[in-house]
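K.L.:
Here it is, the structure in full.
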Ligand code: G4P
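In UniProt numbering, the protein residues as written are 1 to 537.
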């Protein structure tokens with residue numbers, strides 16, 4: 001086995017785009033994402049105290065330094081981006097909301113990363129949310145490093161876990177670290193690539209003296225450190241793992257076909273440092289980004305970026321919002337003027353927010369791969385491309401056909417205008433989609449999960465003070481309708497006025513009562529396309 005290749009940039013060029021690692025962690029709730037995030041920040045030296053995870057139902061947060069920036073600026077953003085540095089590299093960790101309900105926000109966040117870490121609970125294997133998020137990564141060929149967490153607890157057999165990844169996700173696997181005992185037998189993990197024993201340590205944060213260089217899995221040093229029975233079983237399974245799986249192949253990983261796998265325990269600090277090292281060495285730096293009419297390379301001089309997320313200020317007295325932009329090329333400086341391509345408007349970056357750790361919050365430039373927050377009053381929208389003037393549109397930031405449709409019931413008709421504003425604001429943030437039926441005046445909202453409806457109702461009540469409720473809609477499904485033949489589309493809309501609506505961008509949407517009606521309509525109108533996603537332009 002050879003060590004992982006090193007892609008570390010030369011110290012002479014520490015600020016080049018190649019020094020960025022922009023990634024997300026994908027997992028099922030409870031697999032340990034929050035714990036791992038905190039430990040990554042801790043090992044990178046970005047936070048000094050482990051054990052600061054706050055768990056308040058859905059609003060779990062990791063105590064990291066970006067919160068200082070929020071406080072200093074008097075704004076509130078959920079933990080969307082965490083930036084930290086190590087070994088001359090800058091890591092941008094983008095949070096994907098961890099709740100059961102799948103939100104569009106999560107999909108869109110994955111459009112802004114170059115790689116992902118997939119966290120799997122060793123006792124549970126691949127769970128539903130992980131699988132869904134994985135599918136999104138696959139659509140974009142996002143390379144994935146797998147971290148099988150909680151090996152300090154009783155878990156499934158390591159080979160069974162690897163088999164599951166191979167068979168259900170159709171990914172090749174390549175173990176990097178291997179458990180030395182699991183559950184009550186847990187003694188640590190072994191780095192198969194660099195031959196090091198990663199001793200378990202019950203004292204959190206005590207990293208010193210825990211990594212023991214070895215000559216191989218048969219190194220006699222191990223006999224003194226690990227009880228015989230546990231060691232014998234480790235040696236047997238590790239030898240099998242070494243012979244059964246292929247060498248690590250960088251191109252295969254970067255192409256999204258192979259996942260390196262680390263077994264570890266975020267709680268017991270085992271394997272986390274190795275994960276960070278692997279991320280630095282093999283995870284891709286910013287990649288060229290697909291755009292119309294041309295792909296944009298990170299090395300290009302002119303600044304370009306796209307907005308993948310909006311966050312309204314949690315303070316109901318202010319209507320400010322923050323647009324999260326991923327920088328795709330150029331060197332962005334505070335005060336710069338950028339063009340919002342779809343409107344032609346000029347946006348001055350007076351107060352861009354940098355999500356650096358405390359001591360770096362005054363950094364005044366950003367590089368490709370970095371995420372900046374742009375405070376604005378509703379000018380910017382998800383999907384927007386910003387450039388120094390070029391007519392360019394980044395592609396692939398999708399809207400998804402909602403799975404739940406509801407009519408909005410307004411209790412006080414005098415508040416219709418405010419309701420419109422609230423729905424449009426929240427649609428812009430990606431909390432919901434709104435559809436306005438061609439006939440009738442009641443708005444229809446669409447969400448991909450029940451929780452989104454609850455969030456929507458509570459935000460309309462608390463932030464906009466509007467008394468409203470949701471009613472069942474006579475429709476179950478929504479599809480964007482498109483055609484190469486405008487006359488056919490027009491004819492379809494005319495004949496189906498009772499089932500037609502428009503989205504926020506006035507794109508036509510067909511609302512079907514059920515799947516039977518949808519399928520029949522698809523059959524009857526072969527010249528139309530009924531789409532489950534619509535890319536924003
Ligand atoms: P999430 O963000 O993916 O939802 O997971 P989170 O980190 O909150 O972890 C979920 C639970 O799993 C937490 O326990 C956490 O302590 C535990 N956990 C995370 N990593 C490990 C690990 O490596 N080993 C073990 N044994 N447990 C781990 P909890 O009881 O729900 O919360 P808490 O009271 O410990 O905070």
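We treat Cβ as the ideally placed atom computed from N, Cα and C, and that holds for glycine.
Which residue or residues does DSSP assign as beta-bridge partners of residue 447?
P.N.:
DSSP lists 404 as partners of residue 447.
K.L.:
According to DSSP, what are the bridge partners of residue 433?
P.N.:
Paired residue(s): 446.
K.L.:
If I measure Cβ to Cβ from residue 32 and keep anything under 8 Å in the same chain, skipping five residues before and after, which residues do I get?
P.N.:
For residue 32, where only same-chain residues beyond five positions count, the Cβ hits under 8 Å are 119, 121, 149, 150, 266, 267.
K.L.:
Evaluate residue 329 with the Cβ neighbour count: other Cβ atoms within 10 Å of its Cβ, from every protein chain shown; 16 or more gives buried, anything less gives exposed.
P.N.:
It counts as buried.
K.L.:
DSSP on residue 516, reduced to helix/strand/coil?
P.N.:
It is helical.
K.L.:
Checking 7 Å against the spacing of the C-beta atoms, do residue 146 and residue 272 come in under that value?
P.N.:
The answer is no: Cβ separation not under 7 Å.
K.L.:
Between residue 274 and residue 191, which are expected to be in contact by the criterion C-beta below 8 Å, what is the C-beta distance as a whole number of angstroms?
P.N.:
Residue 274 to residue 191, Cβ: 6 Å. Contact.
K.L.:
Could you please give the first and the last residue of the uninterrupted alpha helix (DSSP H) stretch that includes residue 165?
P.N.:
Its alpha helix (DSSP H) spans residues 158–169.
K.L.:
Determine the direct distance from the alpha carbon of residue 197 to that of residue 280, and round the result to whole angstroms.
P.N.:
So the alpha carbons of these two residues sit roughly 20 Å apart.
K.L.:
I'd like the list of long-range same chain contacts for residue 393, defined as Cβ closer than 7 Å, with 5 residues on each side in sequence excluded.
P.N.:
Closer than 7 Å at Cβ, skipping near neighbours: 291, 292, 341, 385, 537.
K.L.:
Could you compute how far the alpha carbon of residue 297 sits from the alpha carbon of residue 499?
P.N.:
Distance between the alpha carbons of residue 297 and residue 499 is about 43 Å.
K.L.:
Please give the ranges of any alpha helix (DSSP H) in the stretch 172–232, keeping only runs that are unbroken, at least 4 residues long and fully inside the region.
P.N.:
221–225, all fully within the stretch 172–232.
K.L.:
Among 485, 487, 502, whose alpha-carbon lies nearest the alpha-carbon of residue 440?
P.N.:
The shortest C-alpha separation from residue 440 is found at 502.
K.L.:
Using 6 Å as the cut-off, classify the Cβ of residue 266 as near or not near the heavy atoms of ligand 1, replying yes or no.
P.N.:
Yes - ligand 1 has a heavy atom lying nearer than 6 Å to the Cβ of residue 266.
K.L.:
Output the residue ranges of the alpha helix (DSSP H) runs that lie fully inside the stretch 272–298 and measure 4 residues or longer, sorted by chain position.
P.N.:
The qualifying runs are 272–282.
K.L.:
Tell me the rounded alpha-carbon separation between residue 156 and residue 288.
P.N.:
Roughly 39 Å separates the two Cα atoms.
K.L.:
Please work out which residues of its chain come closer than 7 Å, Cβ to Cβ, to residue 222, disregarding the five sequence neighbours upstream and downstream, and give them in chain order.
P.N.:
Within the same chain, residue 222 has close Cβ partners 197, 214, 231.
K.L.:
Is the stretch 413–424 touching the stretch 489–499, taking contact as three or more C-beta pairs under 8 Å?
P.N.:
With a cut-off of 8 Å, the stretch 489–499 and the stretch 413–424 do not count as touching, because too few Cβ pairs lie within range.
K.L.:
So, at 7 Å on beta carbons, what are the nonlocal neighbours of residue 109 in its own chain, with the 5 sequence-adjacent residues on each side left out?
P.N.:
24, 94, 96, 308, 309, listed in sequence order.
K.L.:
Please determine, among 163, 507, 517, the residue with the shortest C-alpha to C-alpha distance to residue 533.
P.N.:
Of the listed residues, the one whose Cα sits closest to residue 533 is 507.
K.L.:
Can you tell me which of the three DSSP states residue 526 falls into?
P.N.:
Three-state DSSP puts residue 526 in coil, outside helix and strand.
K.L.:
According to DSSP, which residues form a beta bridge with residue 385?
P.N.:
Its beta-bridge partners are 306.
K.L.:
If you measure from the CB of residue 290, is any heavy atom of ligand 1 nearer than 6 Å?
P.N.:
For ligand 1, not one heavy atom lies less than 6 Å from the Cβ of residue 290.
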